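Heads up: the sequence lines are chains G and A, in that order. The numbering of the first sequence is my numbering, which starts it at 939 and goes up by one. The numbering of the second sequence is my numbering, which starts it at 939 and goes up by one. C-beta atoms are modelled at their ideal positions from N, C-alpha and C, and glycine is treated no differently. As the structure is a computational prediction, the values presented were derived from the model and not from experiment. All remarks here apply to the structure that follows.
2 protein chains.
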Amino acid sequence: MSRSKCTLLSGALVEQLLDSVDSVLFDCDGVIWRGDQAITGASEVINLLKEHGKKVFFVTNNSTKTRKMYADKMSSLGFNVTADEVFGTAYCCAVFLKTVCRLEGKVYLMGSNAMKQELEAVGVQQVGVGPDHVSGQPIDWANVPLDPEVKAVVVGFDEHFSYMKLNRAMQYLVQKDCLFVGTNRDTRLPLEGGKAVPGTGCLLQAVETAAQRQAQTVGKPNHFMFDCLAAQFGVERERCLMVGDRLDTDILLGSNCGLKTLLTLTGVSTVAEAEAHRDSGSAERQGMVPDYYVESIADLLPALQG
Amino acid sequence: MSRSKCTLLSGALVEQLLDSVDSVLFDCDGVIWRGDQAITGASEVINLLKEHGKKVFFVTNNSTKTRKMYADKMSSLGFNVTADEVFGTAYCCAVFLKTVCRLEGKVYLMGSNAMKQELEAVGVQQVGVGPDHVSGQPIDWANVPLDPEVKAVVVGFDEHFSYMKLNRAMQYLVQKDCLFVGTNRDTRLPLEGGKAVPGTGCLLQAVETAAQRQAQTVGKPNHFMFDCLAAQFGVERERCLMVGDRLDTDILLGSNCGLKTLLTLTGVSTVAEAEAHRDSGSAERQGMVPDYYVESIADLLPALQG
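This is how it looks when you write it as C-alpha cells:
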C-alpha cells in the first residue's frame, strides 16, 4: 500500500488516526517531558487517551530508571500511569536475558542501580555496579579476578564507566560462550538548552572494540521492546501508533514493527531531516520517515476533548 | 615493479637486503622485546647494525613512555640506543601538535604522565592527566567547567579513562575549532602468554562516538612517524627497511611510506595472515603484505657477524 508520508497531522486527520488505533506507544524524553518538565498538555493527552479506552505504553531507551521510578515520576507530573505500562531498557534487558537468552548464570553489569534492581526482580544475579578504579600494571589488569559464574556482559548507561570496567568486560568477553548484551546505541543523552552528555552508545563502542565482538541490543530501533509489550498486552500491530521525537530510534522502531508512526517536534529530530530521508531515494532510509508529524503531542488534545 | 612478496628471508638474501638499506626501523614490542624480556639476539642485531654504519630507529605506537624512558629500558637490556633514535607516539604526538597543527593553546590530555612530559618538552601546556571521578547529575556533567585556553583534545593510552573524562573531552570537542588528535588506533595491548588489555583504540572510539567527529591519528600506519624521523635524520625512503610484528600497523606503515618491509614472527601476526592478504585479490590489503619474513630478528645475526 502506498501512502504519502511525513504529513502534518491536523484537523480531521487527527480523529481519523486515533480511531484507527487501539494502542499508543510514547517515547518519554522529548515527547512527554524534557528533563524534569512535562511538555505542556502531555498529561492531559495521555489521561484522555486512556479515558477513551486506548492502551498507552511508554517505551524508552534510558536505562537509568526502573519501571517504578518512571511511574513515580509520571505520577508526580500528573500522568495517570502504572509501572506495568512502562518499558524501559533496564526492565526490557532483564526480560531479554531471561526469555530470549535463557541466561543461567550471573551478569557482569556495566550499568546503573536501576538495572541491578530490574535484573534482581527477574531473578538474575549481577556483579559490577559502582566505581571500579584502576591499580597495578597491565599484567595485573589482564589477570584481574573474574567471577566464574558470570555468563553475560551487559552494558547500559554507567556514569562509573572506567578503564578497569572496560578491561573487566573484555576479559569476560574473550570467553567465547559469554553473552554480550547492550541496552541501546544512543550516542548522546540530550539535555535542556541543546546540551548533551555521552550516551550508552559510546561505552558500548569501547567495549565492542576491546572485545572484537558486536553486542545484541535491546533498545529502539530493535524490535524487542515492542515484542515485549505485545507479548504481555496482546496488542495488534496494525492498530498501534508509535510517537517519538527521534527518527533513528523511535520512528525506525515503529517502521521495523509495522506500526503507524508520528514524529513530534519537541525533541531531537526535525521535519527537514524526515523529508531528507523520504526524498533520498534510499530504501534503507525510508524506515526513518514518519507517517505524520505534529509540533507537540498537545496537538492531539482538540480531537480528544471534542 | 613486480616482485614476489612475503618471502622467507634467509641465506644470501639477508646480506643482499641489508646491503640495499642505510636505515632500519624497528617496532619494539613483539620485535626487540616482549614485555620486559629482550628477544634473544635482538641487542646483538641492533648493535651490529650500528657498527656496520646503519642508522637504526625505534618506532612504537605505545604512548606510555617518553623517549628517554625507552632509551633507558633499552640500555638496561643491552641495546646501544640513544633517546633521539626513539620515535614513540607520546613524543611524535607532541611534535605533530607543534609542527603540523601549529597549536596555540593548551591540550586537554587523556593520557599518561609520559605524554604530559613530552608535550611540556616542546612547550605545549596540558590539563587532564590523572583520575577524574564522576559526581552530580547529567546537567552538572554538561556544565562541567572548561579551560578556555584548551584548543585541542589529545587521546592516548589512559588507565584513568572514565565517564567524566569522556564527557569532558566531548564538551571541548563540540567546539568546532577544537583540534582532535589520537596517538593510535590499536584496539588491544598484547601481553605475555596470549593475554591482552584494552588499547587506546577503544578509548578513541568512545570519544569519537561522543564527539561525532574523527580524530587525526599520529601512530602507525599513519605516515607521520616516518615523516618525523625522516625530517630529523634525512633518510632516503628507498634505502629504509621497516621491521615489525603487525601487518596492520608496522607493515602497512612501511608500505604507506614506500619502505622495504620485514615481518618478524615473534609477536602478533602470522605468515598465514600475510599470505591471506597477498592472495585476497584486494588491492587495499596488499599494503599489509611484507616483502620478507623471519622467525625472529636474530635470523639477521649470521649475515652481520659474517
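So which residues of chain G does Ala1134 (chain A) contact, with C-beta pairs closer than 7 Å? Counting from 1 along the second sequence, the entry for residue 1134 (chain A) is found at position 196. Going along chain G in sequence order, the residues near Ala1134 (chain A) (Cβ under 7 Å) are Ala1080.
If distances are taken between C-alpha atoms only, which option among G:Glu1213, G:Gln1224, G:Leu1239, G:Met1163 comes closest to Leu963 (chain G)? Residue 963 (chain G) sits at position 25 when you count from the first residue of the first sequence. Minimum Cα distance to Leu963 (chain G) is reached at G:Met1163.
Using a Cβ-Cβ distance under 9 Å, would Ala1169 (chain A) count as near chain G? Indexing the second sequence from 1 puts residue 1169 (chain A) at position 231. Among the residues facing chain G, Ala1169 (chain A) is not included, as its CB has no counterpart in that chain under 9 Å away.
So what does DSSP say about Gly1074 (chain G), is it helix, strand or coil? Your numbering for residue 1074 (chain G) matches position 136 in the first sequence. Gly1074 (chain G): coil per DSSP, three-state reduction.
Would you mind reading off the limits of the beta strand (DSSP E) that contains Ala1090 (chain A)? To locate residue 1090 (chain A), count along the second sequence from 1; it is residue 152. It spans 1088 to 1093 - the beta strand (DSSP E) in which Ala1090 (chain A) sits, taken as one unbroken run.
Could you list which residues in chain G have their beta carbon closer than 8 Å to that of Gly1139 (chain A), in chain order? For the purposes of this step, residue 1139 (chain A) is taken as residue 201 along the second sequence, with counting starting at 1. Listed along the chain, the chain G residues whose CB falls inside 8 Å of the CB of Gly1139 (chain A) are Thr1147.
Three-pair Cβ contact test at 8 Å for the segment 1138 to 1157 of chain A versus the segment 1106 to 1118 of chain A: The count of Cβ pairs closer than 8 Å, one atom from the segment 1138 to 1157 of chain A and one from the segment 1106 to 1118 of chain A, reaches three, so the stretches are in contact.
Which residue's Cα is closest to the Cα of Ala1210 (chain A): A:Lys1089, A:Arg1184, A:Gln1055? Position 272 of the second sequence, counted from the start, is the residue given in the question as residue 1210 (chain A). The option with the nearest alpha carbon to Ala1210 (chain A) is A:Arg1184.
Taking 9 Å as the threshold (beta carbon to beta carbon), is Met1226 (chain G) in contact with chain A? By 1-based counting over the first sequence, the position of residue 1226 (chain G) is 288. No, because no Cβ of chain A sits closer than 9 Å to the Cβ of Met1226 (chain G).
Taking only three categories from DSSP, how would you classify Gln1154 (chain G)? Sequence index remark: in the first sequence, residue 1154 (chain G) carries index 216 (1-based). Strand, per DSSP.
Expressed to the nearest angstrom, what Euclidean distance is found between the alpha-carbon atoms of Val959 (chain A) and Lys992 (chain A)? Against the second sequence, residue 959 (chain A) aligns to sequence position 21. Against the second sequence, residue 992 (chain A) aligns to sequence position 54. When the Cα atoms are used, Val959 (chain A) and Lys992 (chain A) turn out to be separated by approximately 8 Å.
How close, in whole Å, do the beta carbons of Lys1044 (chain A) and Gln1063 (chain A) come, if the pair is a contact with beta carbons under 8 Å? Residue numbering aside, residue 1044 (chain A) sits at position 106 when the second sequence is read from its first letter. Residue numbering aside, residue 1063 (chain A) sits at position 125 when the second sequence is read from its first letter. Rounded, the Cβ-Cβ distance is 5 Å, consistent with contact.
Looking at the structure shown, is Val1246 (chain A) part of a helix, part of a strand, or coil, going by DSSP? Since the first residue of chain A shown is 939 and the last is 1244, residue 1246 (chain A) is not available in this structure.
List the whole-angstrom C-beta distance separating Val1093 (chain G) from Thr1121 (chain G), where the pair is believed to meet the contact cut-off of C-beta under 8 Å. The residue given as residue 1093 (chain G) occupies position 155 in the first sequence. The residue given as residue 1121 (chain G) occupies position 183 in the first sequence. Contact flag correct, Cβ pair sits at about 7 Å.
By how many angstroms is the C-alpha of Trp1079 (chain G) removed from the C-alpha of Tyr1101 (chain A)? Against the second sequence, residue 1101 (chain A) aligns to sequence position 163. Against the first sequence, residue 1079 (chain G) aligns to sequence position 141. Answer to the nearest angstrom: the Cα atoms are 19 Å apart.
Which of helix, strand or coil DSSP assigns to Lys1006 (chain G): Here residue 1006 (chain G) refers to the residue found at position 68 of the first sequence. Judged by DSSP in its simplified three-state form, Lys1006 (chain G) adopts helix.
Does His1161 (chain A) come within less than 9 Å of chain G when only Cβ atoms are used? By one-based count along the second sequence, residue 1161 (chain A) stands at place 223. Output row for His1161 (chain A): interface = no.
Look up Gly1120 (chain A) in the DSSP assignment and say whether it is helix, strand or coil. Within the second sequence, numbered from 1, the residue matching residue 1120 (chain A) stands at position 182. Look at Gly1120 (chain A) here: in three-state DSSP terms it is strand.
Using CA atoms only, rank isn't needed, just tell me which of A:Thr945, A:Gly1049, A:Thr1199 is closest to Thr1002 (chain A). Looking up residue 1002 (chain A) in the second sequence gives position 64. The residue with the shortest Cα to Cα distance from Thr1002 (chain A) is A:Gly1049.
Which of helix, strand or coil does DSSP assign to Thr1208 (chain A)? On the second sequence, position 270 is the one that residue 1208 (chain A) refers to. Note: Thr1208 (chain A) maps to coil in three-state DSSP.
Within chain A, partners of Tyr1101 (chain G) - CB distance below 8 Å: Looking up residue 1101 (chain G) in the first sequence gives position 163. Listed by position along chain A, the residues whose Cβ is nearer than 8 Å to that of Tyr1101 (chain G) are Asp1096, Glu1097, His1098, Phe1099, Ser1100, Pro1136, Leu1141.
Give the interface partners of Thr1125 (chain G) over in chain A, defined as CB-CB distance under 8 Å, in chain order. Counting from one through the first sequence, the residue named residue 1125 (chain G) turns up at place 187. Residues of chain A with a Cβ closer than 8 Å to the Cβ of Thr1125 (chain G) are, in chain order, Thr1147, Ala1148, Gln1150.
Within 10 angstroms of the Cβ of Glu1174 (chain A), are there 16 or more other Cβ atoms? Answer buried if so, exposed if not. As a position in the second sequence, residue 1174 (chain A) is number 236, starting the count at 1. Counting the other Cβ atoms within 10 Å of the Cβ of Glu1174 (chain A) gives fewer than 16, which makes it exposed.
Own chain residues within Cβ distance below 6 Å of Thr1199 (chain G), not counting five before or after: Taking the first residue of the first sequence as 1, we reach residue 1199 (chain G) at position 261. If we look at Thr1199 (chain G) and ignore the five residues flanking it on each side, its Cβ neighbours are Met1180, Ile1189, Gly1192, Pro1228, Asp1229.
Determine, using beta carbons only, whether Pro1083 (chain G) comes closer than 9 Å to chain A. As a working mapping, residue 1083 (chain G) is identified with position 145 in the first sequence. Interface with chain A (9 Å Cβ-Cβ cutoff): Pro1083 (chain G) is excluded.
Is the CB of Gln1144 (chain G) under 9 Å away from at least one CB in chain A? Translated into the one-based positions of the first sequence, residue 1144 (chain G) becomes position 206. A quick correction: the sequence has Ala, not Gln, at residue 1144 (chain G). Closer than 9 Å to some Cβ of chain A, the Cβ of Ala1144 (chain G) qualifies, so yes.
Outcome for Arg1040 (chain G) when other beta-carbon atoms lying within 10 angstroms are tallied against a minimum of 16: Position 102 of the first sequence holds residue 1040 (chain G). Exposed, because fewer than 16 other Cβ atoms sit within 10 Å of the Cβ of Arg1040 (chain G).
9 Å is my cut-off, CB to CB: does Ile1077 (chain A) come that close to chain G? Residue 1077 (chain A) sits at position 139 when you count from the first residue of the second sequence. Answer yes: the Cβ-Cβ gap between Ile1077 (chain A) and chain G drops below 9 Å somewhere.
Within the same chain, show all residues whose beta-carbon is closer than 6 Å to that of Val1232 (chain G), passing over the 5 residues directly before and after it, in chain order. To locate residue 1232 (chain G), count along the first sequence from 1; it is residue 294. The beta carbon of Val1232 (chain G) is closer than 6 Å to those of Leu947, Thr1202 in its chain, skipping five residues each way along the sequence.
From the DSSP secondary-structure annotation, give me the bridge partner or partners of Leu1201 (chain G). Here residue 1201 (chain G) corresponds to residue number 263 of the first sequence, with the count starting at 1. Paired residue(s): G:Gly1182, G:Tyr1231.
Could you list the residues in the segment 1208 to 1224 of chain A with a C-beta less than 7 Å from some C-beta on chain G, going in chain order? Listed in sequence order: no entries.
Member of G:Ala976, G:His1161, G:Gln1075 whose CA lies at the smallest distance from the CA of Cys1030 (chain G): Counting from one through the first sequence, the residue named residue 1030 (chain G) turns up at place 92. For Cys1030 (chain G), the nearest C-alpha among the options comes from G:His1161.
Residue nearest to Asp957 (chain G) in terms of C-alpha spacing, selected from G:Leu987, G:Trp971, G:Ala1236: Taking the first sequence and counting its residues from 1, one reaches residue 957 (chain G) at position 19. When the alpha-carbon of Asp957 (chain G) is set against those of G:Leu987, G:Trp971, G:Ala1236, the nearest one is in G:Leu987.
DSSP beta-bridge partners of Tyr1046 (chain G): As a first step, residue 1046 (chain G) is located in the first sequence; it is residue number 108 there, counting from the start. Partner(s): G:Val1065, G:Val1091.
Could you tell me whether any Cβ in chain G is nearer than 9 Å to the Cβ of Asn985 (chain A)? Within the second sequence, the letter at position 47 stands for residue 985 (chain A). So, not an interface residue.
Examine chain G for any beta-carbon lying closer than 9 Å to the beta-carbon of Gly973 (chain A), and answer yes or no. Numbered from 1 along the second sequence, position 35 holds the residue referred to as residue 973 (chain A). With 9 Å as the cut-off, Gly973 (chain A) counts as an interface residue toward chain G.
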